[in-house]
Amino acid sequence: MTMEANSKSTPAKLMAWMMGALSSVIGICWAIVTYVFPDPSIFGLGIVNWKNFLSFFAAFVFMMAMMIAIFAWRLPTIPRRMVNFILAAGLSAGFFVIGMEYAKPSFEFAKAQERVVENDSPTLFGKRIEMVDNVRISLVNCNFIAQTPSCVFEFNSTNKDREVQVRSVSAVFEPDGNNLRLEKTLVGNEELKYGSIELVRNLNTKVTLIFKQTRNDLSTIPSVKLVLQGLDNYERVIKFNEVTAAR
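What the sequence shown shows, in the numbering used here, is residues 13 to 259, in sequence order.
Now the structure itself:
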């Protein structure tokens with residue numbers, strides 16, 4: 013009788029142990045990221061970022077849930093169905109939270125990383141495009157005329173009319189690290205002397221940024237740094253790296 017009772021309680025004990033272990037591992041991982049290494053970029057690995065961390069975390073939770081579901085087949089019918097229901101509800105709630113964090117992160121290092129968007133290469137169609145807060149930002153081309161660099165962008169607000177300001181700290185960077193600050197902004201063919209750029213929903217707005225002169229003869233711009241105000245209620249930085257400049 014005792015052996016039979018022990019055999020029946022073994023799966024329940026195993027499930028309780030696995031649930032406790034899963035909760036502990038999740039708690040420890042979250043504590044490490046939050047308090048021990050709040051900024052994973054200190055490891056110097058480009059792959060260590062908040063999006064990849066969330067993807068790994070989601071995969072880990074899913075695999076643990078599948079393991080629990082496999083072991084649950086040893087349970088009687090009613091406890092097995094209860095475990096499956098709890099797993100389904102837990103996975104739904106967990107992936108909902110992970111999705112919310114992916115869309116708008118709440119932990120500090122993710123907030124800091126999200127504010128800087130880097131574009132390192134063109135799309136398959138040869139375009140340099142980034143989507144930030146439902147604004148499509150396309151780098152059309154960069155030119156050097158009389159040693160003065162200029163870059164032409166197209167802004168397209170896909171969801172609503174809005175105003176965006178290009179900050180004066182926007183710059184073109186030279187190979188030695190020197191930055192050429194923004195000197196003039198043109199919207200269409202007119203100079204914008206003050207105020208913000210008005211974007212009409214689904215209308216491409218041509219924005220030309222003219223930077224300070226350089227003494228160097230550049231065929232490739234290491235980085236074009238665009239600092240925008242008016243997206244997500246705080247400054248956003250969009251960097252287009254290794255841009256070929258026409259002359």
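Glycine included, each C-beta is placed from N, C-alpha and C at the ideal position. Remember, predicted model here, so these are calculated numbers, not experimental data.
Measuring only the C-alpha atoms, how far is residue i from residue j?
| i | j | result |
| --- | --- | --- |
| Ile80 | Gly111 | 23 Å |
| Arg92 | Ala105 | 20 Å |
| Ile98 | Pro161 | 60 Å |
| Asn191 | Gln159 | 14 Å |
| Gly102 | Thr89 | 20 Å |
| Ile149 | Glu166 | 6 Å |
| Glu254 | Leu211 | 27 Å |
| Glu1 | Lys205 | This structure gives no information on residue 1, because the portion of the chain shown stretches from 13 to 259. |
| Gly58 | Ile157 | Summary for Gly58: the model assigns pLDDT 48, below 50, so the residue's position carries little reliability; its value from the coordinates is reported in the next sentence. Those two C-alpha atoms are separated by around 35 Å. |
| Thr135 | Ile141 | 8 Å |
| Val109 | Met75 | 17 Å |
| Leu230 | Phe137 | 25 Å |
| Ser182 | Ala70 | 36 Å |
| Gly8 | Arg174 | Because the chain here runs from 13 to 259, residue 8 falls outside it and cannot be looked at. |
| Phe68 | Phe107 | 12 Å |
| Lys139 | Val73 | 37 Å |
| Pro234 | Ser133 | 12 Å |
| Trp226 | Leu66 | For the sequence presented, residue 226 should be read as Thr rather than Trp. Rounded to the nearest angstrom, the two C-alpha atoms are 42 Å apart. |
| Gly207 | Ala100 | 52 Å |
| Lys218 | Leu238 | 15 Å |
| Ala258 | Glu203 | 22 Å |
Are the beta-carbon atoms of residue i and residue j separated by less than 7 Å?
| i | j | result |
| --- | --- | --- |
| Val129 | Ile250 | yes |
| Thr264 | Thr220 | It is not possible to answer for residue 264, since the shown part of the chain is limited to 13 through 259. |
| Phe8 | Leu198 | Given that the chain is displayed from residue 13 to residue 259, the structure contains no residue 8 and the question cannot be resolved. |
| Asn155 | Glu186 | no |
| Val184 | Val236 | yes |
| Asn168 | Asn216 | yes |
Would you mind giving the Cβ-Cβ distance between residue i and residue j, rounded to the nearest angstrom? I have them listed as a contact below 8 Å.
| i | j | result |
| --- | --- | --- |
| Val1 | Val144 | There is simply no residue 1 to check, as the chain begins at 13 and stops at 259 in what is shown. |
| Asn171 | Arg213 | 7 Å |
| Arg179 | Leu240 | 7 Å |
| Val95 | Ala84 | 4 Å |
| Asn131 | Phe252 | 5 Å |
Tell me, please, which residues DSSP counts as bridged to residue i.
| i | result |
| --- | --- |
| Ile209 | Val176 |
| Ser235 | Phe185 and Asn253 |
| Phe74 | Phe74 is not bridged to any residue. |
| Thr226 | In the DSSP output, where bridge partners are listed per residue, Thr226 has none listed. |
| Asn191 | Phe185 |
| Leu221 | Cys163 and Thr197 |
| Ser67 | Per DSSP, none; premise fails for Ser67. |
| Glu202 | Val199 |
| Leu215 | Partner(s): none; Leu215 has no beta bridge. |
Can you confirm whether residue i, when its beta carbon is compared against all beta carbons of chain D, has any partner nearer than 7 Å?
| i | result |
| --- | --- |
| Arg248 | The chain inventory of the structure shown lacks chain D, comprising one protein chain alone. |
Taking the runs of the beta strand (DSSP E) that are 3 residues or longer, which of them lie wholly in the segment 153 to 188? 160 to 169, 174 to 178 and 183 to 185
Would you list, in sequence order, the uninterrupted alpha helix (DSSP H) runs of no fewer than 4 residues that lie entirely inside the segment 78 to 147? 89 to 115 and 120 to 126
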